[in-house]
Amino acid sequence: MNGIIGVIGAGQMGAGIAQVSAQAGYRVLLSDVSVDAAARGRDGVAKALGRLVEKEKLSAADRDAAIALIDPVGSLEAMAEAAIVIEAATEREDIKRAIFADVGKVLGPQAILASNTSSIPITRLAQGSPDPQRFVGVHFFNPVPVMGLVELIRGLATSDATVAAVEAFARALGKAVVHANDAPGFIVNRILLPMINEACFALGEGVANVRDIDTAVKLGLNHPMGPLTLADFIGLDTCLEIARVLHQGTGDPKFRPAPLLVKYVEAGWLGRKTKRGFYDYSGPEPVPTR
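Numbering (the numbering used here), first residue to last: 10 to 299.
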């Protein structure tokens with residue numbers, strides 16, 4: 010495998026994948042809707058690495074070397090050079106399929122196409138790829154530079170060679186790899202989202218307020234943060250999309266999205282990225298919105 014990785018989507022997840030790949034010595038082609046958007050993703054990586062330098066966790070030379078390896082591109086045609094192309098767009102199947110169709114026109118004959126989907130079945134997504142044998146799920150966790158796990162999900166047609174190549178890549182980034190069967194939500198979100206969704210039900214039904222639900226789970230279960238804080242961090246729209254995938258994919262009513270979660274998303278209260286979710290982030294400290 011050559012040392013070139015393509016990342017489609019320069020948002021929080023895509024930029025994080027670009028950062029850890031560049032720090033591991035890979036050249037990264039970072040794409041978004043425009044070259045300016047891709048450049049903003051690289052600028053975000055530069056700021057994140059700069060903070061590590063300030064904390065003396067990274068040398069300035071290593072920072073500069075990593076930034077130099079990230080090339081913002083505005084066209085998917087550049088992905089023809091990449092050995093692995095990772096799609097890290099929003100968690101909507103129609104958007105992902107459109108990306109696969111476009112990049113499939115330029116993908117190299119041996120190149121691997123991977124999706125960073127957090128819940129959508131890989132076998133189904135593979136139908137939109139140029140070669141399902143060279144299509145795989147590679148689920149990084151947010152924030153990518155901090156979280157040490159990658160879920161590797163093979164579709165029905167994914168080849169052993171594809172799985173081996175992507176696992177080797179993930180391990181080269183310093184990530185632990187777990188293998189998940191191609192079921193909605195895979196491992197982590199299959200377990201996590203029902204907990205977040207149930208916290209939304211509990212809040213909506215008046216079991217407790219935001220602060221007490223989060224404190225109870227954080228201290229009673231020894232979690233690093235409460236489920237409603239975590240939902241705001243992930244993005245309530247993303248949580249809702251995953252809950253819907255679980256519900257539709259399994260047909261099990263236990264995965265039905267909580268009405269309050271739906272209402273918040275409809276209101277545009279998506280969490281930290283909109284400065285309002287279960288908490289209001291407009292002031293110096295987060296304050297519960299109810």
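For glycine and all other residues, C-beta sits at the position ideal for the given N, C-alpha and C.
When the five nearest sequence neighbours on each side are left out, the beta carbons in the same chain lying within less than 6 Å of the beta carbon of residue 18 are those of 97, 98, in order along the chain. In the DSSP annotation of this structure, the continuous segment of the alpha helix (DSSP H) that includes residue 223 starts and ends at 219 to 229. Counting C-beta pairs closer than 8 Å gives fewer than three between the segment 202 to 215 and the segment 181 to 189, which falls short of the contact rule. In the structure shown, the three-state DSSP call for residue 36 is strand.
Residue 204 and residue 70 have their alpha carbons spaced roughly 43 Å apart.
Here residue 163 is bridged, per DSSP, to 145. By the Cβ test, the segment 30 to 44 is in contact with the segment 86 to 97, since at least three Cβ pairs between them sit closer than 8 Å. Leaving aside the five residues that flank residue 80 on each side, the residues in its chain whose CB is nearer than 6 Å to its CB run, in chain order, 38. Residue pairing by DSSP puts residue 96 in a beta bridge opposite 17, 124. Inclusion of residue 145 and residue 162 in the CB contact set at 8 Å is warranted, their separation being smaller than that value.
Here the segment 97 to 115 lies against the segment 133 to 150, with 3 or more beta-carbon pairs under 8 Å apart. Sorting 225, 83, 241, 26 by C-alpha distance to the C-alpha of residue 285 places 241 at the top. Pairing residue 95 with residue 147 gives a Cβ-Cβ distance under 8 Å. Per DSSP, the beta-bridge partners of residue 280 are 285. Residue 42 sits exposed, since fewer than 16 C-beta atoms from the chains shown fall within 10 Å of its C-beta.
Per DSSP, reduced to three states, the secondary structure at residue 140 is coil, with no helix or strand assignment. Using a Cβ distance threshold of 8 Å, residue 33 and residue 179 do not count as a contacting pair. Bounds of the alpha helix (DSSP H) holding residue 175 are 169 to 181. Sixteen is the threshold: since fewer than 16 other Cβ atoms of the shown chains lie within 10 Å of the Cβ of residue 104, the residue is exposed.
In this chain, the beta strand (DSSP E) harbouring residue 188 covers 185 to 189. The Cβ neighbour count for residue 299, taken over all protein chains shown within 10 Å, is under 16; the residue is labelled exposed. Looking at the DSSP output, residue 158 shares a beta bridge with 185.
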